[in-house]
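A quick write-up on the structure given underneath.
Number of protein chains: 2
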Amino acid sequence: MKINGFVYCSVLASVFVLGFLQESVHGRPLLMSLSRPRPDDAASFARWLVSQSSWGVLNTISSEWGGAPFGNVVSFSDGLPDKGKGIPYFYLTALDPTASNAMKDKRSSFTLSEYNLGTCGKTDPENPSCAKITLVGKLKLVDGNSKEAEFARTALFTKHAEMKSWPKSHNFQVFKLDIENIFMINWFGGPKPLTVEQYLNAKM
Amino acid sequence: MKINGFVYCSVLASVFVLGFLQESVHGRPLLMSLSRPRPDDAASFARWLVSQSSWGVLNTISSEWGGAPFGNVVSFSDGLPDKGKGIPYFYLTALDPTASNAMKDKRSSFTLSEYNLGTCGKTDPENPSCAKITLVGKLKLVDGNSKEAEFARTALFTKHAEMKSWPKSHNFQVFKLDIENIFMINWFGGPKPLTVEQYLNAKM
Chain W
1 MKINGFVYCS VLASVFVLGF LQESVHGRPL LMSLSRPRPD DAASFARWLV
51 SQSSWGVLNT ISSEWGGAPF GNVVSFSDGL PDKGKGIPYF YLTALDPTAS
101 NAMKDKRSSF TLSEYNLGTC GKTDPENPSC AKITLVGKLK LVDGNSKEAE
151 FARTALFTKH AEMKSWPKSH NFQVFKLDIE NIFMINWFGG PKPLTVEQYL
201 NAKM
Chain C
1 MKINGFVYCS VLASVFVLGF LQESVHGRPL LMSLSRPRPD DAASFARWLV
51 SQSSWGVLNT ISSEWGGAPF GNVVSFSDGL PDKGKGIPYF YLTALDPTAS
101 NAMKDKRSSF TLSEYNLGTC GKTDPENPSC AKITLVGKLK LVDGNSKEAE
151 FARTALFTKH AEMKSWPKSH NFQVFKLDIE NIFMINWFGG PKPLTVEQYL
201 NAKM
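First to last, the sequence lines map onto chains W and C. According to full-length UniProt numbering, the residues represented by the first sequence are 1 to 204, in order. According to full-length UniProt numbering, the residues represented by the second sequence are 1 to 204, in order.
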């Protein structure tokens with residue numbers, strides 16, 4: 001009976017654990033659907049970090065607050081799950097400062113932390129071994145009737161199902177970050193040298 | 001025996017759950033040591049969100065990349081656990097772009113998401129009911145010999161123990177964000193009106 005009890009126990013415990021694993025990655029279906037590349041493979045690592053993340057902080061130049069850099073929490077997608085292309089797409093409304101800032105000044109960056117993936121354990125988020133990436137470039141509106149917008153909406157709605165039902169009156173539109181520079185730290189020794197070409201052409 | 005088995009089970013399950021609760025808030029000792037204020041109490045809610053968070057994205061104007069807004073993942077503290085004063089302190093090195101940017105242009109913002117606290121459940125991070133806050137102001141170096149720096153180091157090292165042992169050669173120094181404007185969304189209906197005075201004087 002003790003053994004039965006333990007088996008019963010393990011099953012119940014596993015259910016709890018599974019629940020919290022899912023919670024710990026904020027409702028995404030798997031904790032880690034692609035394995036973590038070696039930190040010295042900078043291009044693959046960067047693509048992994050972007051493709052496995054579901055949200056980050058999108059930064060623009062604030063027209064309202066004296067040109068201050070304005071960070072905003074946004075969801076994003078770079079493609080279908082585990083099929084990301086590396087270019088982050090966003091679903092934004094001009095009712096929000098980020099989109100209206102970008103209409104006036106396209107300079108932007110998008111910042112992600114590996115901490116959100118739950119793979120940094122108890123390492124401090126500012127420790128270089130817990131990866132972080134900032135994609136620097138221009139935040140651009142994508143023509144809503146283009147093939148690219150169609151791709152982006154599919155990518156976004158697959159990872160963020162509730163976006164489909166966001167209020168039409170807010171006129172959400174697809175934006176993309178045209179990446180010009182990449183800042184990534186995923187180990188000790190400073191930012192990893194990484195060009196946009198290396199990043200976009202990385203094997204996943 | 002079945003009941004005993006279930007009790008045994010529940011205990012084991014609880015141990016698992018506790019473990020993952022801790023993991024899900026990234027090694028912080030409790031999931032929620034202060035209870036979540038009502039969203040319409042904007043000042044208390046903002047102070048709660050800041051005091052319960054351990055890291056965020058700190059934005060500066062990039063001197064390297066044509067004045068682009070540059071977001072960087074950093075740890076911070078606004079005081080001892082559950083005794084935060086609302087002003088975020090950082091431990092930065094000029095080897096990192098954020099500190100060197102701030103030396104040239106103090107305009108800055110600091111962005112936090114409630115998503116990191118695990119209290120948004122499966123709600124999308126961009127959904128207004130999952131709170132986000134951006135503190136906009138000036139990022140300033142704190143005199144290392146001042147009482148304020150002493151307070152800040154205690155606040156930082158208590159929440160981020162490993163900072164104490166970060167390499168002396170990197171010359172980490174205490175910075176603070178002098179808050180001038182607050183952007184917070186914690187429910188539907190747009191940003192909550194909230195002055196810096198209301199924020200700093202909020203009852204916790």
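Here a beta-carbon is modelled for each residue, glycine too, at the ideal position from N, C-alpha and C. Quick caveat: nothing in here was measured; it's all calculated off a predicted structure.
is_contact[residue i, chain C] using C-beta, thresh 9 Å
i, result
"E197 (chain W)", "no"
"A99 (chain W)", "no"
"T154 (chain W)", "no"
"V50 (chain W)", "no"
"G137 (chain W)", "yes"
"I61 (chain W)", "yes"
"N181 (chain W)", "yes"
"V73 (chain W)", "yes"
"P125 (chain W)", "yes"
"K83 (chain W)", "no"
"F110 (chain W)", "yes"
"K104 (chain W)", "no"
"L66 (chain W)", "Position check: residue 66 (chain W) holds Gly in this sequence, whereas Leu was assumed. For G66 (chain W), the answer is yes, since a Cβ of chain C falls inside 9 Å of its Cβ."
"L34 (chain W)", "no"
Own chain residues within Cβ distance below 7 Å of residue i, not counting five before or after
i, result
"P39 (chain W)", "F45, N186 and W187"
"L200 (chain W)", "G86"
"S75 (chain C)", "S54, W55 and H160"
"D178 (chain W)", "G137, K138 and K140"
"V57 (chain W)", "G71, N72, V73 and T111"
"residue 288 (chain W)", "Examination of residue 288 (chain W) is not possible in this model, given that chain W is present from 1 through 204 alone."
"T123 (chain W)", "S129 and C130"
"Y115 (chain C)", "P125 and C130"
"L194 (chain W)", "A42, A43, A46, I182 and M184"
CB contact below 9 Å: residue i versus chain W
i, result
"R107 (chain C)", "yes"
"I87 (chain C)", "no"
"W187 (chain C)", "no"
"W55 (chain C)", "yes"
"F70 (chain C)", "yes"
"G190 (chain C)", "yes"
"N116 (chain C)", "yes"
"S158 (chain C)", "The sequence shown places Thr at residue 158 (chain C), rather than the Ser named in the question. With 9 Å as the cut-off, T158 (chain C) does not count as an interface residue toward chain W."
"K140 (chain C)", "no"
"K132 (chain C)", "yes"
"M163 (chain C)", "yes"
"L80 (chain C)", "no"
"S113 (chain C)", "yes"
"L95 (chain C)", "yes"
One or two residues paired with residue i in a DSSP bridge
i, result
"Y199 (chain W)", "Partner(s): none; Y199 (chain W) has no beta bridge."
"M184 (chain C)", "C:I133"
"W55 (chain C)", "C:S75"
"V50 (chain W)", "Note: V50 (chain W) sits in no beta bridge, so no partner."
"L177 (chain C)", "C:L139"
"S108 (chain C)", "C:T60 and C:G137"
Cβ shell of residue i (< 8 Å), same chain only, five flanking positions each side left out
i, result
"V142 (chain W)", "Y89, E148, A149, A152, Q173, V174, F175 and K176"
"G144 (chain W)", "Q173 and V174"
"V50 (chain C)", "D78, G84, G86, P88, L112, I133 and L135"
"E180 (chain W)", "V136, G137, K138 and V196"
"H170 (chain C)", "T93 and L95"
"L34 (chain W)", "W48, S51, Q52, D82 and M204"
"D105 (chain W)", "T60, I61 and S63"
"G189 (chain W)", "P128"
"T154 (chain W)", "L80"
Close beta carbons around residue i, own chain, < 6 Å, minus the five adjacent residues each side
i, result
"G60 (chain W)", "Before going on, a small fix: residue 60 (chain W) reads as Thr here, not Gly. For T60 (chain W), where only same-chain residues beyond five positions count, the Cβ hits under 6 Å are F70, T98, N101, A102 and S108."
"L117 (chain W)", "Q52"
"K192 (chain C)", "A42 and M184"
"P37 (chain W)", "S44, F45 and W48"
"T158 (chain C)", "L80"
"M163 (chain C)", "Y91, L156 and F157"
"A202 (chain C)", "A43, S44 and R47"
"Q198 (chain C)", "A43"
"K168 (chain C)", "none"
The ligand PLP heavy atom lying under 8 Å from the CB of residue i
i, result
"P128 (chain W)", "As far as ligands go, the structure on display features none, and thus does not contain the ligand PLP."
Problem - Contact the region 125-137 of chain C vs the region 64-72 of chain C: 3+ CB pairs below 8 Å - result: no
Practice task
Pick out the complete alpha helix (DSSP H) segments inside the region 113-165 of chain C, 4 residues or longer, and give them in chain order.
Solution key: 147-159
Handout entry: beta strand (DSSP E) runs wholly inside the region 69-96 of chain C, at least 3 long, in chain order
Key = 69-75 and 89-92
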